[in-house]
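Shown next as structure tokens:
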């Protein structure tokens, strides 16, 4: 048993070293590409090169979470492959260790890293992403005042807008739980309008389910509107910068958003898809690693590590793209997002089980 535990540690250490190196490299490449894109916005408003670098820095936890599945597959393959040239992998097999046992040690190492990544993806990443959005939106638009726990605050002349949350739809945005404060030239509050939501269309801004209160000298006049055309020139493209996309939110925030949307009979398909994608994230990563590990064992018989590693990389990237495409198709045709996540996971589990049963 001591020998077996030592081999487990050997495999785990090799996989973790390779995984960490690949992960850092992928995050760095992703960040470098993002910085190149952000530099195009330098000079707009108060957006500077320093702001661009700071914005990308705040998004690093989210980027690390997103690229980890690919890093885990490549790291596991590279870690096991690194043991082949020194004949350590061959010695383990000759000593009676099954491929399933070796793969289990590699997957266990990836799983230990995955636990930390998943925790960061639910806590640090959403928090940092909000800071990134706030920094970018505030620098690019003079109308945006603040983004925080009280929602989005924006200014349109002598009018202030507050929205508890928003949803990005292309270049437009839908705002929920909207409050509009109108002031006169002397800075006195004249009118408060509360709306269930605000939408921007071809004709401009429209507030839905509105209660408008006009403050008089000795009374408050209340009016109600089903729809109210809000004469604002507030640019919806700037507001989209302040809205964190559902796929970047944590499970708790997604659950809150889904509950709100369903309570108000609003479309929540994208939020459901993001929720279940995150819920299945740990399982999908582990199964993806197990399904890819047979490529590493192939180096024992034929072909070099580079060839097998290349095939594994294509497998990881191809699977990720196929899963996203499946999610988009499911959203169009109204397929249950739980099914869309469970079916790929089941396919990976069956593929891994079939291989290790036949090639123990």
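In the working numbering, the protein residues as written are -1 to 358. Glycine included, each C-beta is placed from N, C-alpha and C at the ideal position.
{"Check": "Whole-Å CB distance - residue 318 paired with residue 68, under 8 Å assumed", "Outcome": "7 Å"}
{"Check": "Beta-carbon contacts of residue 214 that lie in its chain and below 8 Å, excluding the five residues immediately before and after", "Outcome": "none"}
{"Check": "Span of the alpha helix (DSSP H) around residue 191", "Outcome": "Looking at the DSSP string, residue 191 is not in any alpha helix (DSSP H); the run it does join, the beta strand (DSSP E), is 187 to 199."}
{"Check": "DSSP three-state assignment for residue 282, whether helix, strand or coil", "Outcome": "helix"}
{"Check": "Cβ-Cβ separation, residue 43 to residue 138 (assumed contact under 8 Å), whole Å", "Outcome": "5 Å"}
{"Check": "Given residue 78 as reference, the closest of 219, 101, 62, 65 once Cα atoms are compared", "Outcome": "101"}
{"Check": "Cβ-based neighbour list, residue 276, same chain, cut-off 6 Å, excluding 5 preceding and 5 following", "Outcome": "249"}
{"Check": "Under the three-state DSSP convention, the category residue 46 falls into", "Outcome": "coil"}
{"Check": "Extent of the continuous alpha helix (DSSP H) to which residue 399 belongs", "Outcome": "The question about residue 399 has no answer here: the residues shown for the chain are numbered -1 through 358."}
{"Check": "Buried versus exposed, by CB contacts within 10 Å (16 or more), residue 331", "Outcome": "exposed"}
{"Check": "Beta-carbon spacing of residue 205, residue 196 below 8 Å", "Outcome": "yes"}
{"Check": "For residue 220, the residue or residues it bridges with in DSSP", "Outcome": "211"}
{"Check": "Contact under 8 Å by Cβ, residue 290 with residue 71", "Outcome": "yes"}
{"Check": "Residue 199 versus residue 356 - alpha carbon distance", "Outcome": "59 Å"}
{"Check": "Start and end residues, beta strand (DSSP E) containing residue 149", "Outcome": "149 to 154"}
{"Check": "Paired residues, beta bridge with residue 171 - DSSP", "Outcome": "166"}
{"Check": "Cβ pair residue 159, residue 232 closer than 8 Å", "Outcome": "yes"}
{"Check": "Span separating the alpha-carbon of residue 41 from that of residue 49", "Outcome": "11 Å"}
{"Check": "Cβ-based burial, residue 221 [other Cβ within 10 Å; buried from 16]", "Outcome": "exposed"}
{"Check": "C-alpha distance - residue 10 paired with residue 269, whole-angstrom precision", "Outcome": "36 Å"}
{"Check": "Residue 272 beta carbon less than 8 Å from that of residue 252", "Outcome": "yes"}
{"Check": "DSSP three-state assignment for residue 176, whether helix, strand or coil", "Outcome": "strand"}
{"Check": "Per-residue DSSP class, three states only, for residue 160", "Outcome": "strand"}
{"Check": "First through last residue of the alpha helix (DSSP H) which encompasses residue 368", "Outcome": "Any answer about residue 368 is impossible in this case: the structure gives the chain only from -1 up to 358."}
{"Check": "Opening and closing residue of the alpha helix (DSSP H) in which residue 119 lies", "Outcome": "97 to 120"}
{"Check": "Which residues DSSP lists as bridging residue 51, in chain order", "Outcome": "According to DSSP, which records beta bridges pairwise, residue 51 is partnered with nothing at all."}
{"Check": "CB of residue 32 within 8 Å of CB of residue 13, strictly", "Outcome": "no"}
{"Check": "Boundaries (first-last residue) of the alpha helix (DSSP H) holding residue 35", "Outcome": "0 to 36"}
{"Check": "Bridge partners - residue 251, DSSP secondary structure assignment", "Outcome": "None, per the DSSP bridge assignment."}
{"Check": "Test item: CB-CB of residue 16 and residue 80 under 8 Å", "Outcome": "yes"}
{"Check": "Three-state secondary structure assigned by DSSP to residue 80", "Outcome": "coil"}
{"Check": "Sequence-distant residues of its chain with Cβ nearer than 8 Å to residue 121 (five each side left out)", "Outcome": "248"}
{"Check": "Buried or exposed (CB count within 10 angstroms, at least 16 for buried), residue 229", "Outcome": "exposed"}
{"Check": "8 Å Cβ cutoff met for residue 73 and residue 21", "Outcome": "yes"}
{"Check": "Exposed unless 16 or more other CB atoms sit within 10 angstroms - verdict on residue 7", "Outcome": "exposed"}
{"Check": "7 Å Cβ shell around residue 185 - same chain, five flanking residues per side excluded", "Outcome": "none"}
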